[in-house]
Amino acid sequence: DVEIILVGREGAVGGIVSLGHLPAYSKIVVKFGGPFARLNLRDLERAKAQSPSLHQMFARYADCLLAQVFQATACNAIHSIEQRISKWILAAMERTESDIVPLTHDQLASMLGVGRSYASRVMQTFKAQGILESRRGSLVVRDREALLVRSCNCNESVKRHFDEVLRGVYPESCTGH
Numbered sequence: 001d002v003e004i005i006l007v008g009r010e011g012a013v014g015g016i017v018s019l020g021h022l023p024a025y026s027k028i029v030v031k032f033g034g035p036f037a038r039l040n041l042r043d044l045e046r047a048k049a050q051s052p053s054l055h056q057m058f059a060r061y062a063d064c065l066l067a068q069v070f071q072a073t074a075c076n077a078i079h080s081i082e083q084r085i086s087k088w089i090l091a092a093m094e095r096t097e098s099d100i101v102p103l104t105h106d107q108l109a110s111m112l113g114v115g116r117s118y119a120s121r122v123m124q125t126f127k128a129q130g131i132l133e134s135r136r137g138s139l140v141v142r143d144r145e146a147l148l149v150r151s152c153n154c155n156e157s158v159k160r161h162f163d164e165v166l167r168g169v170y171p172e173s174c175t176g177h
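If you use this note's numbering, the sequence shown corresponds to residues 1 to 177, in order.
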C-alpha cells in the first residue's frame, strides 16, 4: 500500500472530487481513523450542478490533490528516506492534531515504498536522538522541531499551494495552520 496522497479533515477522496462519474483508479485505505462523512455521489453531483461556487470549490480541491501527487512523485525520486519519513510524520501530525501517530514501522515503510529495515534504521536514529519513541502500534513525537529540520520542504510546498488555491474556502483551523 504505497501512499500517494495524505488526506485529513481538510479534504475528500474518491468520486466526490471528480467532475463526473468516473471509475475509481485506486483504493483508499484509512490508516488511522477519526470522524468522517460519507456522501451520496448523485446528491453531491446535483448540488454541484446547482451551485457554481460548490462546483468551483471541488475543482479547486481536485487541483490541490493533483499538486500533492506531483510533489510526492518528485519527493520520492530525489529525497532521502529520512527526509520523507520526517515529512510524512509531520503531515500526519498536522492532519490529526496530535503528537501520536498510530502507525507501525512496517506500515510506514510500506506506505513510503521502502524496505522495513531502512525505515526502522531511521526510526532508531530518531529514537536515539530523542525525536520520537515507538509504542506498540504508534509513534510518539517528542521533538517536532527536530523533525522539521530533517524533513524536506515538500509538505510546506503543498501547504502553500493549498493555502493559495483554497484561500477563503476553509476556516483556519481546518488547513493545519
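The beta-carbon is built from N, C-alpha and C at its ideal position, and this holds for glycine as well.
Item, Value
"Classification of Gly115 by the beta-carbon crowding that lies within 10 angstroms, buried from 16 upward", "exposed"
"For Arg135, the first and last residue of its enclosing beta strand (DSSP E)", "132–135"
"Ile85 to Leu103 span [Cα, whole Å]", "12 Å"
"Under the three-state DSSP convention, the category Leu139 falls into", "strand"
"Per DSSP, cross-strand counterpart(s) of Ile100", "Val140"
"Extent of the continuous alpha helix (DSSP H) to which His79 belongs", "Element bounds for His79: n/a, residue is neither H nor E."
"Three CB pairs or more closer than 8 Å across the stretch 128–141 and the stretch 57–77", "no"
"Segment contact, 8 Å Cβ cut-off, at least three pairs: the stretch 71–80 with the stretch 130–137", "no"
"Beta-carbon gap between Thr125 and Glu82 smaller than 9 Å", "yes"
"For Leu132 and Ala91, the rounded distance between their alpha carbons", "15 Å"
"Separation of Arg121 from Leu66, as counted between CA atoms", "31 Å"
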